[in-house]
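Trainee: Per this note's numbering, residue 19 is the first one in the sequence shown, and the count goes up by one each step. Ideal placement from N, C-alpha and C gives every residue a C-beta, glycine not left out.
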Amino acid sequence: MSESEIQNAYLPNEIIKEILSRLPVKSLLQFRCVSKHWKDVIANTDFIKSHLKHALSSSTQHRILIPSSPLLSLSYNPSPNNIYESTEIHCPFLNPKAHTKIMGSCNGLVCLMDDTRDMIIYNPSTRRHFKPFQLAQQALYFSNRVEFVYGFGCGCGSNPNDMRMIRFPRFARDFKYNKFKEHDKITTSSSSYDFIDTVGTFLNGVLHWLAHRSGNNDDYRLIASFNVSEETFLDICLPNQDSNLPCYVLGVLHGCLSALCNAICYTEVEVWLMEEYGVVDSWKIFVKIPLYTGIENISYMRHLRSLNDDEVLLEINLQSFVIYDAKKKMFRHVTSAKELILFGDAVVYVETLLSPEVLYVMH
19 MSESEIQNAY LPNEIIKEIL SRLPVKSLLQ FRCVSKHWKD VIANTDFIKS HLKHALSSST
79 QHRILIPSSP LLSLSYNPSP NNIYESTEIH CPFLNPKAHT KIMGSCNGLV CLMDDTRDMI
139 IYNPSTRRHF KPFQLAQQAL YFSNRVEFVY GFGCGCGSNP NDMRMIRFPR FARDFKYNKF
199 KEHDKITTSS SSYDFIDTVG TFLNGVLHWL AHRSGNNDDY RLIASFNVSE ETFLDICLPN
259 QDSNLPCYVL GVLHGCLSAL CNAICYTEVE VWLMEEYGVV DSWKIFVKIP LYTGIENISY
319 MRHLRSLNDD EVLLEINLQS FVIYDAKKKM FRHVTSAKEL ILFGDAVVYV ETLLSPEVLY
379 VMH
């Protein structure tokens with residue numbers, strides 16, 4: 019059968035494209051060998067955008083990336099409460115002896131950094147990577163003297179590959195060392211913050227860090243939000259604060275900015291959602307989670323993803339995952355085929371065909 023006959027043997031091309039756009043990346047990489055036509059379809063920019071749109075809305079194409087050595091990618095299934103596939107990802111571009119930290123995740127791409135402060139943009143699904151820049155000797159000298167905060171995300175435009183990677187000195191006093199800045203308006207705005215978070219939380223074109231204003235009372239915390247497209251900062255107020263109840267983890271749940279806070283006597287945490295973005299009065303408590311699961315005591319918790327209206331996937335003590343059912347007020351332990359050991363903060367990423375090479379870097 020000729021290639022043209024394969025294209026039209028059973029279904030119109032548009033139907034074939036629609037079917038392919040709903041398949042996992044692993045299958046699509048294999049299907050590129052079916053024919054030159056299929057290879058061209060799968061590499062097409064519009065097809066990649068369509069595939070990403072379906073993947074973002076499908077829980078089956080979301081995975082957990084753990085910054086272990088080697089990296090570990092986990093595919094989870096909330097129904098039977100297990101991680102049914104664990105894949106080790108050996109990255110020759112990372113120093114195997116260095117600690118790797120995930121600096122952000124957006125549209126299936128992740129930003130990785132090791133102890134040498136080398137930064138890599140990586141697609142765990144296709145195994146393609148891109149090193150956006152090599153620090154010059156002078157820049158490296160200042161880089162080693164200053165603590166930085168990082169952000170990774172994209173603008174609000176229609177191009178999902180219009181990515182941004184940024185960094186700022188963590189403390190306002192260190193902005194004099196920012197010798198390689200390119201955007202004065204960013205420098206002017208961000209130099210008034212002392213950042214608490216070192217990695218930004220990305221939502222709808224905006225990066226968010228827990229911070230406080232330089233020189234102000236350290237007990238008063240706010241969210242420093244950075245609009246990626248406009249390259250401007252704006253303060254966002256946290257839920258009503260008591261100095262004994264600090265918000266200490268930002269995240270995204272149900273498409274809303276979220277904040278996880280200590281509760282009275284540290285026996286539970288409160289998860290708040292900003293139901294209307296930017297509106298302070300729209301902060302509402304979504305769930306209260308006890309700090310005892312019945313499985314293990316919790317000293318550290320991060321909320322990774324909402325699974326449905328009532329369930330939240332949590333990272334516990336940097337070594338395990340649980341699902342908390344807010345309606346039933348109970349935990350379900352997520353079992354894994356591979357034993358998990360102590361790791362850094364994990365992220366949820368979506369399987370995508372996006373290339374990491376197209377990137378705009380801001381310092």
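Hey, out of Asp180, Cys274, Asp192, whose CA is closest to His226's CA?
Mentor: Comparing Cα positions, the closest option is Cys274.
Trainee: Can you list, in chain order, the stretches of the alpha helix (DSSP H) that have 4 or more residues and sit fully within the segment 42-102?
Mentor: DSSP runs (the alpha helix (DSSP H)) wholly in the segment 42-102: 43-49, 54-61, 63-74.
Trainee: Please say whether Gly362 and Lys119 have beta carbons closer to each other than 7 Å?
Mentor: Yes, Cβ-Cβ distance for Lys119 and Gly362 is below 7 Å.
Trainee: Should Glu333 and Leu322 be called a contact, given that it needs their Cβ atoms to be closer than 7 Å?
Mentor: Going by C-beta atoms, Glu333 is nearer than 7 Å to Leu322.
Trainee: Is the beta carbon of Glu369 less than 7 Å from the beta carbon of Pro85?
Mentor: In this structure, Pro85 does not lie closer than 7 Å to Glu369 by Cβ.
Trainee: Mind checking Ser143: buried by the 16 CB within 10 Å criterion, or exposed?
Mentor: So Ser143 counts as buried.
Trainee: Kindly indicate which three-state DSSP category Lys306 falls into: helix, strand or coil?
Mentor: Strand.
Trainee: Going by the CB atoms, is the gap between Gly173 and Ser87 shorter than 7 Å?
Mentor: In this structure, Gly173 does not lie closer than 7 Å to Ser87 by Cβ.
Trainee: Which residues in the same chain as Lys35 place their Cβ atom closer than 8 Å to its Cβ, once the five residues preceding and following it in sequence are excluded?
Mentor: Counting only Cβ-Cβ distances below 8 Å, and skipping sequence neighbours, we find Val59, Phe65, Ser68.
Trainee: Can you tell me whether Ser77 sits near the ligand MN, meaning its C-beta is under 6 Å from at least one heavy atom of the ligand?
Mentor: No copy of the ligand MN occurs in the structure displayed, which carries no ligand at all.
Trainee: By the three-class DSSP mapping on this structure, what secondary structure does Asn222 have?
Mentor: Note: Asn222 maps to coil in three-state DSSP.
Trainee: Could you work out which residue in Arg163, Glu165, Arg185 is closest to Gly171 when comparing CA atoms only?
Mentor: Nearest of Arg163, Glu165, Arg185 to Gly171, Cα basis: Arg185.
Trainee: Could you check the C-alpha separation between Met319 and Ser77 for me, to the nearest Å?
Mentor: Distance between the alpha carbons of Met319 and Ser77 is about 22 Å.
Trainee: Is the beta carbon of Val167 less than 7 Å from the beta carbon of Thr216?
Mentor: It is a contact, given that the beta carbons lie within the stated cut-off.
Trainee: For Phe349, which residues does DSSP report across the bridge?
Mentor: In DSSP, Phe349 forms a bridge with Tyr342.
Trainee: To the nearest angstrom, report how far apart Glu165 and Ser210 are at their CA atoms.
Mentor: When rounded, the distance between both Cα atoms is 15 Å.
Trainee: Please report the Cβ distance between Leu70 and Gly126, rounded to the nearest whole angstrom; I am assuming they are in contact, meaning their Cβ atoms lie under 8 Å.
Mentor: Yes, Leu70 and Gly126 are in contact; Cβ-Cβ is about 7 Å, under 8 Å.
Trainee: Which residues in the same chain as Asp133 place their Cβ atom closer than 8 Å to its Cβ, once the five residues preceding and following it in sequence are excluded?
Mentor: Within the same chain, Asp133 has close Cβ partners Asn113, Ala116, His117.
Trainee: Would the beta-carbon of Ile303 fall within 7 Å of that of Val287?
Mentor: No, they are not a contact pair.
Trainee: Given a cut-off of 7 Å, decide if Leu331 and Ile316 are closer than it, judged by their beta-carbon atoms.
Mentor: Their beta carbons are not under 7 Å apart, which means Ile316 does not touch Leu331 by this criterion.
Trainee: Between which residues of its own chain and Phe213 is the CB-CB distance below 8 Å, once the five residues before and five after are set aside?
Mentor: So the qualifying residues of the chain are Val167, Phe186, Arg188, Phe189, Trp227, Leu228, Ala229, Ala242.
Trainee: DSSP three-state call for Ile33: helix, strand or coil?
Mentor: Ile33 falls in the helix class under three-state DSSP.
Trainee: Can you have a look at Tyr382 and say buried or exposed, based on whether 16 or more other CB atoms are within 10 angstroms of its CB?
Mentor: Residue 382 is absent from the structure shown; the chain starts at 19 and stops at 381.
Trainee: Tell me the rounded alpha-carbon separation between Ala73 and Leu325.
Mentor: Looking at the two C-alpha atoms, the distance is approximately 15 Å.
Trainee: Going straight from the alpha carbon of Phe49 to that of Asn245, what length do you get?
Mentor: The alpha-carbon atoms of Phe49 and Asn245 are separated by roughly 38 Å.
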